[in-house]
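The sequence shown begins at 0 in numbering that gives the first Met the number 0 and counts up by one. From the three backbone atoms N, C-alpha and C, an ideal C-beta is built for every residue, glycine too.
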Amino acid sequence: MWRARRPCAAVAVAAFACAACTPPPDAPTEKPVEPQSTQLRDAIREPLDTARDAQRTLDDNAARQRRAIDDAGG
């Protein structure tokens, strides 16, 4: 019974010895993060900023007009 297990044990010991002696695989080097393209973000923000500026101008003009009407007694 033990004679049948000896070759298996020898193979197992050899496999474990080989596995223990091999160096660990090289860790992948981390690539530096490449800057993301900002063209899409800028293309989205530009019309929104323009719209906010236009709304601010309209609100300022409306407030100025209300003040003028109130000052005129109306």
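- In the three-state reduction of the DSSP assignment, residue 29 falls in the coil class.
- DSSP places residue 49 in the uninterrupted alpha helix (DSSP H) bounded by 38 to 70.
- Taken through DSSP and simplified to helix, strand or coil, residue 24 comes out as coil.
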